[in-house]
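In this note's numbering, the protein residues as written are 24 to 345. A short worksheet on the structure shown next.
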């Protein structure tokens with residue numbers, strides 16, 4: 024697998040010590056223009072693991088794309104040993120239109136492992152799972168919060184997986200959030216193949232946040248350094264503090280529709296009944312206080328100024344690993 028002298032991917036053969044940019048394409052636009060999804064491959068002369076770094080499964084999650092872009096632009100993806108494969112934008116259709124879904128209206132992250140004759144999204148998932156993923160020994164996949172919901176930088180893994188626990192600690196995000204693998208997700212399909220994945224979440228859609236980006240890039244460097252793949256010219260920093268490990272959580276939802284203003288930011292520890300924010304109306308007739316239902320860490324904040332009753336506005340931990 025990773026120690027092959029010649030790696031054949033998407034019909035292109037790449038030898039040890041070689042670089043290649045190959046095209047991952049499934050369909051043309053309705054105008055018959057080709058859509059190429061670049062897959063950037065860098066191989067050391069020295070055999071070693073293969074790490075796949077991906078982003079843009081959702082076309083509006085720009086921050087993840089920026090993390091992978093920086094890794095390529097800075098040459099972090101040129102390994103001291105082994106192979107690094109980067110796909111900065113998997114859902115290029117959505118990226119072009121600044122849309123989360125595919126043109127067929129499907130969420131790519133809910134159709135894995137896909138099929139050869141299914142919907143457009145399903146075909147892309149199938150090609151990714153059959154022609155690229157099997158080459159990988161480890162996958163680092165980058166996401167952001169949906170819409171205006173800003174996620175604290177975090178690694179999401181399943182509980183009781185020794186390899187994932189170790190790699191998550193090494194990555195060094197401020198939060199490790201233990202969550203089940205969602206059915207038909209990219210993460211779940213890779214898990215069934217026995218390929219470990221660290222899923223990174225940070226920031227929000229249509230936004231690039233410098234702190235989140237730096238956390239992602241530094242995390243990649245730490246993991247590559249641990250695998251002895253990082254070029255020695257790059258410095259590796261230690262995480263500022265140990266990760267908060269969230270075992271369970273709940274969404275705090277808006278009790279009223281109106282104009283919303285948060286009083287707390289992500290990575291904040293709050294006590295029960297602490298004031299988290301206000302919901303008001305344009306006419307000054309009411310001011311609804313949003314208070315913490317329990318002690319916990321706030322790790323997602325809805326930054327939309329206008330919300331509706333029932334909207335998720337804060338994500339708070341309810342159980343952490345001590």
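Every residue gets a Cβ at the ideal spot worked out from N, C-alpha and C, and that includes glycine. Keep in mind that this is a model prediction, so the values were computed, not measured.
Return the bridge partner residues of residue i from the DSSP annotation.
i, result
"residue 61", "46"
"residue 410", "Residue 410 lies beyond the residue range present for the chain, which begins at 24 and ends at 345; the question has no answer from this structure."
"residue 311", "302"
"residue 377", "No information on residue 377 is available, as it lies outside the stretch 24 to 345 that the chain covers here."
"residue 269", "200, 343"
"residue 29", "38"
"residue 330", "281"
"residue 335", "276"
"residue 325", "172"
Could you check what DSSP says for residue i in three-state terms: helix, strand or coil?
i, result
"residue 90", "helix"
"residue 104", "coil"
"residue 282", "strand"
"residue 291", "strand"
"residue 125", "coil"
"residue 36", "strand"
"residue 320", "strand"
"residue 85", "helix"
Assuming residue i contacts residue j under a Cβ cut-off of 8 Å, what Cβ separation, rounded to an integer in Å, is found between them?
i, j, result
"residue 74", "residue 221", "Contact doesn't hold; Cβ gap of about 10 Å is too wide."
"residue 98", "residue 167", "So it is not a contact: roughly 24 Å between Cβ atoms."
"residue 13", "residue 201", "Because the chain here runs from 24 to 345, residue 13 falls outside it and cannot be looked at."
"residue 82", "residue 116", "7 Å"
"residue 85", "residue 229", "6 Å"
"residue 113", "residue 169", "About 16 Å; that fails the 8 Å criterion."
"residue 300", "residue 336", "7 Å"
"residue 237", "residue 289", "Contact flag wrong, Cβ pair sits at about 15 Å."
Identify the continuous beta strand (DSSP E) that holds residue i and give its terminal residues.
i, result
"residue 201", "198-201"
"residue 227", "220-227"
"residue 179", "172-180"
Drop a sphere of 10 angstroms on the beta-carbon of residue i, count the other beta-carbons inside from all chains shown, and report buried for 16 or more, exposed for fewer.
i, result
"residue 119", "exposed"
"residue 305", "exposed"
"residue 345", "exposed"
"residue 153", "exposed"
"residue 62", "buried"
"residue 182", "exposed"
"residue 227", "buried"
Looking at the unbroken alpha helix (DSSP H) that takes in residue i, where does it start and where does it end?
i, result
"residue 154", "143-154"
"residue 189", "185-194"
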